[in-house]
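Visitor: Can you read through this structure? Questions will come right after.
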Amino acid sequence: EAIACLHNVSKIYPNGCRGLHSVNLQIRKGDFLFITGPSGAGKSTLLKLLYGAEMPTEGQVEIEGNLFHRLRGRALAHLRRRIGVVFQDYQLIPTKTVEENVAVVLHAQGACRTEIQRRVGPTLRMVGLAPKAKCFPDQLSGGEQQRVSIARAVVHTPPLLLADEPTGNLDAHNAWSVLQILKRLHDLGVTVIVTCHNEQLVEAFARRVVRIEAGILRELPVLT
Ligand code: ADP
Ligand code: ADP
């Protein structure tokens with residue numbers, strides 16, 4: 019069963035830059051998919067189309083059976099909540115503590131205090147950061163900040179998690195532990211899509227891999 023599909027999707031940016039060219043991709047519920055390829059190939063564009071930060075120039079993006087471009091208002095907000103996103107540069111709020119950063123999403127969704135407390139603690143434990151709950155982002159290493167951003171992305175239990183170069187700013191050790199956390203989430207039933215230009219890391223991890231070059235996508239044989 020597909021959780022996300024791109025049907026003949028092309029993206030040309032207003033300045034004429036081509037992001038993607040006629041991409042067809044089906045992501046099944048329970049997949050762990052790597053998107054690899056050189057810098058500027060279109061990996062980030064593909065993820066932005068999946069979480070609706072960009073609209074395709076041609077073709078259609080479908081999430082859980084809904085065509086993204088048809089949705090407005092509440093239906094669109096509801097669909098967005100079904101997707102967690104992790105960025106290369108963490109995007110934490112510097113004036114909020116770790117636990118407050120993670121709680122932001124739940125606040126925005128109108129969760130009450132007890133509900134927030136019930137969810138934030140276990141999520142921080144899952145990424146190994148419960149002891150740092152009261153710290154501010156600038157008191158954490160890059161690897162720890164990325165784990166906070168993963169906690170924030172999944173605290174509201176979205177079925178689909180997108181991570182855009184989550185290991186891009188990390189050394190090998192931290193990169194590996196971030197991938198281990200994504201794997202744990204996958205084991206818990208989350209569908210995970212990760213862009214990663216580090217092909218060695220992708221190979222070592224042995225999952226379904228698609229490669230984009232100059233906006234064109236091709237599927238690689240499943241590594242075992
Ligand atoms: P990757 O994530 O693989 O590095 P991107 O998806 O960021 O690649 O970029 C694909 C192509 O689209 C590149 O040529 C890039 O310069 C261009 N691009 C990306 N974002 C924009 C934008 N907002 N405006 C114009 N061109 C863009
Ligand atoms: P973080 O990546 O979480 O910010 P640091 O940058 O402090 O953590 O790195 C943790 C340790 O790994 C440090 O001792 C640092 O010298 C070492 N390190 C950082 N980058 C690399 C790298 N690319 N390869 C090997 N070791 C590295």
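Everything in the sequence shown is counted per the UniProt record's numbering, starting at 19 for the first residue and increasing by one.
Note that beta-carbon positions come from the ideal geometry of N, C-alpha and C, so glycine has one too.
None of these values were measured; they are calculated from a predicted model.
(1) Measure the CB-CB distance between Leu24 and Val228 and report whether it falls below 8 Å.
(2) Using CA atoms only, rank isn't needed, just tell me which of Gly70, Val166, Glu221 and Glu231 is closest to Ile199.
(3) Consider the C-beta atom of Ser28 and the heavy atoms of ligand 1; say whether any pair is separated by less than 7 Å.
(4) According to the Cβ coordinates, are Arg170 and Val212 closer than 8 Å?
(5) For Gly102, write down the residues that DSSP places opposite it in a beta bridge.
(6) What residue range does the beta strand (DSSP E) around Phe50 cover?
(7) Mind checking which residues open and close the alpha helix (DSSP H) that includes Arg88?
(8) Going by DSSP, what residue range makes up the beta strand (DSSP E) through Leu124?
(9) From Lys66, Thr75 and Ile230, pick the residue whose C-alpha is nearest to that of Asn33; which is it?
(10) Going by C-alpha distance, which of Cys214, Leu238, Arg225 and Leu219 is nearest Ala59?
(11) Which one of Phe223, Gly207 and Glu82 has the shortest CA to CA distance from Trp194?
(12) Which residues share a DSSP beta bridge with Lys29?
(13) Please classify Gly233 as buried or exposed, where buried requires at least 16 other C-beta atoms within 10 Å of its C-beta.
(14) Kindly indicate the opening and closing residues of the beta strand (DSSP E) around Glu19.
(15) So if DSSP puts Ile45 in a beta bridge, which residue, or which two residues, is it bridged to?
Guide: Once the coordinates are examined:
(1) To locate residue 24, count along the sequence shown from 1; it is residue 6. To locate residue 228, count along the sequence shown from 1; it is residue 210. No. Outside cutoff.
(2) Translated into positions along the sequence shown, residue 199 becomes position 181. The shortest Cα separation from Ile199 among Gly70, Val166, Glu221 and Glu231 belongs to Val166.
(3) Here the question's residue 28 lines up with position 10 in the sequence shown. False, no ligand heavy atom lies under 7 Å from that Cβ.
(4) As a first step, residue 170 must be located in the sequence shown, where it is residue number 152. As a first step, residue 212 must be located in the sequence shown, where it is residue number 194. No, they are not a contact pair.
(5) Taking the sequence shown and counting its residues from 1, the one referred to as residue 102 is at position 84. DSSP output for Gly102 lists Leu179 as bridge partner(s).
(6) By 1-based counting over the sequence shown, the position of residue 50 is 32. Counting along the chain, the beta strand (DSSP E) containing Phe50 begins and ends at Phe50 to Thr54.
(7) Stepping through the sequence shown from its first residue, residue 88 is reached at position 70. Careful: Arg88 lies outside any alpha helix (DSSP H) and carries neither H nor E.
(8) Locating residue 124 in the sequence shown gives position 106, counting from the first residue. That residue, Leu124, is in no beta strand (DSSP E); its alpha helix (DSSP H) goes Val116 to Ala126.
(9) Indexing the sequence shown from 1 puts residue 33 at position 15. Nearest of Lys66, Thr75 and Ile230 to Asn33, Cα basis: Thr75.
(10) Working through the sequence shown from its first residue, we reach residue 59 at position 41. Of the listed residues, the one whose Cα sits closest to Ala59 is Cys214.
(11) Taking the sequence shown and counting its residues from 1, one reaches residue 194 at position 176. Measuring from the Cα of Trp194, the nearest candidate turns out to be Phe223.
(12) Position 11 of the sequence shown, counted from the start, is the residue given in the question as residue 29. Per DSSP, Leu38.
(13) Mapped onto the sequence shown, residue 233 falls at position 215. Counting Cβ neighbours within 10 Å, Gly233 comes out buried, since at least 16 surround it.
(14) As a working mapping, residue 19 is identified with position 1 in the sequence shown. From DSSP, Glu19 is part of no beta strand (DSSP E); its letter is neither H nor E.
(15) Here residue 45 corresponds to residue number 27 of the sequence shown, with the count starting at 1. Paired residue(s): Ala22.
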